Structure formats: structure tokens, C-alpha cells
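Step one of this worksheet: look at the structure below.
Number of protein chains: 2
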Amino acid sequence: MGIPRCDHLLIAAAALLDKAGPAAVTLRDVGRAVGVSHNAPYRHFASKQDLLASLIARELRDVCKEAEALERLPSPQTLILTFARWALAYPERFRLMIFHWPDGAHADLCEARCRWQAMFIRAIEIQQAAALLPTGDPERLSCLIRSTALGAIQHYLATGGKDTPPAEVIGDLFGYLARGAQRAPPTNAALVAELSGAVD
Amino acid sequence: MGIPRCDHLLIAAAALLDKAGPAAVTLRDVGRAVGVSHNAPYRHFASKQDLLASLIARELRDVCKEAEALERLPSPQTLILTFARWALAYPERFRLMIFHWPDGAHADLCEARCRWQAMFIRAIEIQQAAALLPTGDPERLSCLIRSTALGAIQHYLATGGKDTPPAEVIGDLFGYLARGAQRAPPTNAALVAELSGAVD
DNA sequence: ACCTGAACACCGTTCAAGT
DNA sequence: ACCTGAACACCGTTCAAGT
Numbered sequence: 168m169g170i171p172r173c174d175h176l177l178i179a180a181a182a183l184l185d186k187a188g189p190a191a192v193t194l195r196d197v198g199r200a201v202g203v204s205h206n207a208p209y210r211h212f213a214s215k216q217d218l219l220a221s222l223i224a225r226e227l228r229d230v231c232k233e234a235e236a237l238e239r240l241p242s243p244q245t246l247i248l249t250f251a252r253w254a255l256a257y258p259e260r261f262r263l264m265i266f267h268w269p270d271g272a273h274a275d276l277c278e279a280r281c282r283w284q285a286m287f288i289r290a291i292e293i294q295q296a297a298a299l300l301p302t303g304d305p306e307r308l309s310c311l312i313r314s315t316a317l318g319a320i321q322h323y324l325a326t327g328g329k330d331t332p333p334a335e336v337i338g339d340l341f342g343y344l345a346r347g348a349q350r351a352p353p354t355n356a357a358l359v360a361e362l363s364g365a366v367d
Numbered sequence: 168m169g170i171p172r173c174d175h176l177l178i179a180a181a182a183l184l185d186k187a188g189p190a191a192v193t194l195r196d197v198g199r200a201v202g203v204s205h206n207a208p209y210r211h212f213a214s215k216q217d218l219l220a221s222l223i224a225r226e227l228r229d230v231c232k233e234a235e236a237l238e239r240l241p242s243p244q245t246l247i248l249t250f251a252r253w254a255l256a257y258p259e260r261f262r263l264m265i266f267h268w269p270d271g272a273h274a275d276l277c278e279a280r281c282r283w284q285a286m287f288i289r290a291i292e293i294q295q296a297a298a299l300l301p302t303g304d305p306e307r308l309s310c311l312i313r314s315t316a317l318g319a320i321q322h323y324l325a326t327g328g329k330d331t332p333p334a335e336v337i338g339d340l341f342g343y344l345a346r347g348a349q350r351a352p353p354t355n356a357a358l359v360a361e362l363s364g365a366v367d
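First to last, the protein sequences are chains A and B.
Going by this note's numbering, the first residue of the first sequence is number 168, and it counts up by one from there.
Going by this note's numbering, the first residue of the second sequence is number 168, and it counts up by one from there.
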């Protein structure tokens with residue numbers, strides 16, 4: 168039990184979220200799950216909003232760490248598909264993430280977003296330098312790819328998995344981008360196939 | 168006052184939503200705004216969820232009607248930018264729309280979604296036939312464009328308008344798609360410019 | 001048919017205490 | 001420092017009445 172009480176609360180909240188959706192995560196149940204009173208969480212988080220923002224900040228940081236642990240910076244294709252795999256594995260966390268708008272600009276959450284984005288842009292610049300992706304402002308290209316992935320995941324989950332899987336939509340985009348590049352970028356066929364089977 | 172009580176409740180709910188976000192729309196305040204008791208809405212809607220789903224179904228239907236009122240079917244570029252303009256004008260309604268997941272598959276909402284999507288696919292097929300967009304499954308191409316727009320709007324609004332405006336992201340996508348077509352599709356420069364100025 | 005008021009179980013949050 | 005229990009104001013929903 169070396170795990171801090173603070174993280175314990177976040178884990179309990181994530182479990183409630185995954186099991187029964189955002190409406191089911193109440194401070195009372197979170198406290199109950201870790202064996203403290205219904206307002207003990209206020210010792211660690213300023214409000215329920217703060218707890219939820221901290222939860223997705225931690226998730227995003229974990230996704231970053233997973234990529235950073237590799238010996239080489241992954242390709243943009245791998246990075247975005249890793250993110251999509253996380254979203255498909257934990258749909259309610261993803262939903263919470265996209266629902267959480269400014270509302271106060273949570274510091275940890277902003278930092279986690281920036282960290283992922285910086286890594287993604289670096290990955291794009293490398294493929295641009297190798298003529299695997301079209302030239303142009305890498306931040307702008309990042310925005311296009313990120314938008315497509317975000318929307319594809321959102322729509323796929325919102326329709327209950329009845330539409331085109333995100334990996335295929337993302338693959339289509341990279342296909343069109345390849346025509347703007349001098350050489351075709353890798354398709355990461357293995358990851359795409361793995362991701363396509365992640366949700367029925 | 169020929170307006171039905173049912174619509175009156177939806178309008179009041181939309182006003183509360185726009186003014187103070189999703190947390191502020193309570194059945195009690197909605198009832199108060201139209202001058203009825205706090206549970207009169209139950210005569211018209213099965214639950215709060217039902218009222219909210221009906222609200223965005225009505226919104227989506229209005230967006231459809233706006234396009235259908237024109238003498239000719241608008242281009243895919245115009246359709247998607249009209250949707251984006253609506254989203255930027257009513258960010259909280261858009262947020263509610265993307266937050267509303269299966270949760271029961273609201274009939275009116277599903278119908279409105281299908282109606283818009285069918286119109287969009289028809290518009291794509293027309294440009295494909297004219298060699299203005301790449302060939303291939305129009306439904307698949309529709310999914311790519313729709314995903315990009317959805318994600319671009321979401322990200323733009325979530326960052327408080329600090330990132331690339333949705334119209335430019337969508338424009339970039341159509342630019343890359345044009346390289347896969349025999350002739351370049353129209354860019355709808357006027358609509359793009361109008362939309363770019365819609366949110367500071 | 002349509003609405004009302006009271007009531008129920010629940011929630012986030014605050015606060016005065018406890019150790 | 002960290003937690004507790006009671007309390008407050010609020011919420012969605014139900015239900016027995018009213019017309």
C-alpha cells in the first residue's frame with residue numbers, strides 16, 4: 168500500500184467511470200471505495216471538477232510515458248494509433264477528456280496536453296525531413312491529423328462501433344497525405360490491424 | 168404565442184445552456200423560465216436526458232433544413248462549413264451533441280443524424296462524379312471529412328479558440344483530397360473567411 | 001389531458017469539531 | 001495535517017391530488 172491516498176482516489180474514480188459512466192462517479196462513492204468519509208477527497212482536490220481534471224491529466228501523462236519509454240521516438244502514425252487504442256480501451260475516460268473544456272484551464276491537464284502535442288510535432292518534423300510527409304507548418308499538419316483522429320474516435324464510440332474504425336479513417340488520411348509527400352510514409356499495418364480488432 | 172409548450176421548453180433549455188453551460192440547465196429552471204411548475208416538463212419529456220436529446224435533435228434538424236431550403240444541393244465543403252458555423256455560434260449545444268453517446272439511441276436524434284449524413288454523402292457523390300473529389304466509397308470519404316471537421320471544431324473550442332480555426336483545418340484536408348482528384352474542388356473561400364471570423 | 005405541491009433519495013460543498 | 005459527522009441548498013424523479 169505504498170500508493171498515495173491521492174492516486175488511490177483517482178484510481179477509484181476511474182473504476183467507477185469505466186463501469187457506469189460519468190453520472191456514476193460521485194465524491195461519496197469515490198470516498199466509500201477507498202474507505203474514507205464522503206468529503207475526505209477535499210483534502211486532496213479542490214472540487215469534483217478538479218478531481219476529474221486530475222484524472223484525465225494522469226491518463227494523458229501515462230499515454231505520453233508509454234511512448235517516451237521506447238528507445239526511439241515513435242512515428243506520428245504510431246503515436247496517434249497508441250492514443251486511439253487508449254481511447255477505445257477506456258471510452259468513458261476519452262469522453263470525459265473531450266467534454267472537459269476550458270472551465271478554468273487545469274494546470275496539470277494543460278501541461279499533459281502540451282507534452283503530448285510537442286512529442287507529436289517532433290515526430291512529424293522527422294518524417295517531413297525524410298520526405299515521408301508533405302512539407303509545411305508541422306503544427307498545422309499536426310492539427311489536421313489530431314483533429315481527424317479525435318473526430319474519428321468520437322464518432323466511432325458515439326455510434327457504438329457501427330461506423331468505420333478510427334484506425335482506418337486515420338489510415339485513409341495518411342494515404343492522402345502520402346500523395347503530397349515525395350515518398351510514401353509507413354502504414355503501420357500491424358498496429359492498424361490490432362486496433363481494428365480492439366472494439367467489436 | 169402559437170408556439171407549442173413543448174418547443175417553448177426546448178428553447179428555454181437552449182437559452183440556459185448557452186448562457187451558463189450544461190450544469191446550469193435544470194428541469195426546475197427550465198420550468199420556471201416558461202412559467203410552469205418544476206415537473207411540468209415530464210408531461211412532454213420522459214426525463215431530463217430525453218429533453219436534452221430532443222434539444223440537439225431539433226438543432227440538427229434545423230441545420231438540415233437550412234441546407235435543404237436552398238434551390239440546389241450545396242457542395243460538401245459548404246455543408247460541412249455550415250455545420251461548423253453552427254457549432255461555433257452555439258458551442259455549448261455542440262458540446263452537448265458530442266457528449267450525448269448511445270445511452271439509449273434517442274429516435275429523433277438518430278433520424279436527424281441520418282438525415283444530415285445522407286445529404287452529405289449525396290453531395291460527395293456529385294463531386295466524385297464530376298472528378299472534383301477522389302473516387303472510392305463515398306461513405307468512407309464522408310467519414311474522413313466528418314471526422315476531421317468534428318475533431319477540428321472540438322479542439323478549437325476546447326482550447327478557447329487559440330488553435331487553428333476549423334475552417335482552415337477543413338480547407339487543408341480538401342487541399343490534400345484535391346491531389347487525389349482529377350480536378351481541384353472549389354474552396355468556398357468566402358464561407359471559409361466568414362467562418363474564420365466567427366470566433367475571435 | 002395537463003398541471004401542481006409535497007415528498008424521497010441523492011448530490012456537491014461547507015463547517016465546526018475531533019485526533 | 002488529516003479526517004469526520006452534521007448540516008445546507010440543490011437536484012431528478014415519483015406520486016397522490018386537483019381541474
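In this text, a Cβ means the ideal position worked out from N, Cα and C, and glycines have one as well.
As the structure is a prediction and not an experimental result, all values here were calculated from the model.
With its beta carbon at least 8 Å from every one in chain B, Cys281 (chain A) lies outside the interface. Only residues of its own chain outside the window of five on either side were considered, and among them Glu259, Arg262, Leu263, Phe266 have a CB closer than 8 Å to the CB of Pro189 (chain B), listed in chain order. Within the stretch 316-336 of chain A, the residues whose Cβ lies closer than 9 Å to some Cβ of chain B are Ala316, Leu317, Gly318, Ala319, Ile320, Gln321, His322, Tyr323, Leu324, Ala325, Thr326, Gly327, Asp330, Thr331, Pro333, Glu335, Val336, listed in chain order. Put simply, the CB of Ile265 (chain A) is near chain B, with a gap under 8 Å to one of its CB atoms. Judged by DSSP in its simplified three-state form, Lys329 (chain A) adopts coil rather than helix or strand. Residue nearest to Val336 (chain B) within the set B:Thr326, B:Cys277, B:Leu317, B:Lys232 is B:Leu317 (criterion: CA-CA distance). Non-local beta-carbon contacts of Ala290 (chain A) in its own chain, meaning distances under 7 Å to residues more than five positions away in sequence, involve Leu240, Pro241, Ser242, Pro243, Leu246 in chain order.
At a Cβ-Cβ threshold of 8 Å, Ala298 (chain A) and Ala251 (chain A) do not count as neighbours. Taking a beta-carbon distance threshold of 8 Å, Cys310 (chain B) counts as an interface residue toward chain A.
Residues of chain A with a Cβ closer than 9 Å to the Cβ of Asp339 (chain B) are, in chain order, Gly303, Arg307, Leu308, Cys310, Leu311. In this structure, the alpha-carbon of Ile312 (chain B) lies about 8 Å from that of Leu340 (chain B).
The beta-carbon separation of Leu176 (chain A) and Val197 (chain A), rounded to 6 Å, stays under the 8 Å limit for a contact. In this structure, the straight-line span from the alpha carbon of Ile293 (chain A) to that of Arg199 (chain A) is close to 48 Å. For the pair Glu306 (chain A) and Tyr257 (chain B), the Cα-to-Cα distance works out to about 27 Å. Under the 8 Å Cβ criterion, the stretch 275-288 of chain A does not count as touching the stretch 282-289 of chain B, having fewer than three qualifying pairs. Using a Cβ-Cβ distance cut-off of 8 Å, the stretch 270-282 of chain B and the stretch 318-331 of chain B are not in contact, since fewer than three pairs of beta carbons, one from each stretch, lie closer than that value. At least one CB atom of chain A sits nearer than 8 Å to the CB of Gly347 (chain B). At a cut-off of 8 Å between beta carbons, Ser314 (chain A) contacts chain B. Between Cys281 (chain B) and Asp330 (chain A), the gap from beta carbon to beta carbon reaches 8 Å or more.
For Val203 (chain A), the secondary structure class from DSSP, reduced to helix, strand or coil, is coil.
Inter-residue distance for Phe212 (chain A) and Ser204 (chain A) is about 14 Å (C-alpha atoms, whole angstroms). Ile320 (chain B) places its beta carbon less than 8 Å from that of Pro333 (chain B). Proximity of chain A to Trp268 (chain B) at the Cβ level (cut-off 7 Å) is accounted for by Arg262, Leu324, Ala325, in chain order. Remark: C-beta atoms of Val192 (chain B) and Ala207 (chain B) do not approach each other more closely than 8 Å. By the Cβ-count criterion, Leu237 (chain B) is exposed, with fewer than 16 other Cβ atoms from all chains shown falling within 10 Å of its own Cβ.
Thr302 (chain A) carries a coil assignment under DSSP once its states are collapsed to helix, strand and coil. No Cβ of chain A is located within less than 8 Å of the beta carbon of Leu183 (chain B).
For Tyr343 (chain B), the chain A residues whose C-beta falls within less than 9 Å of its own C-beta are Pro301, Leu311, Leu340, Tyr343, Leu344, Arg346, Gly347, listed in chain order. By the criterion of a C-beta distance shorter than 6 Å, Ala279 (chain A) is surrounded in its chain by Ala224, Leu227, Arg228, once the five residues flanking it on both sides are discounted.
For Leu222 (chain B), the closest C-alpha among the options B:Arg210, B:Glu233, B:Ile178 is that of B:Ile178.
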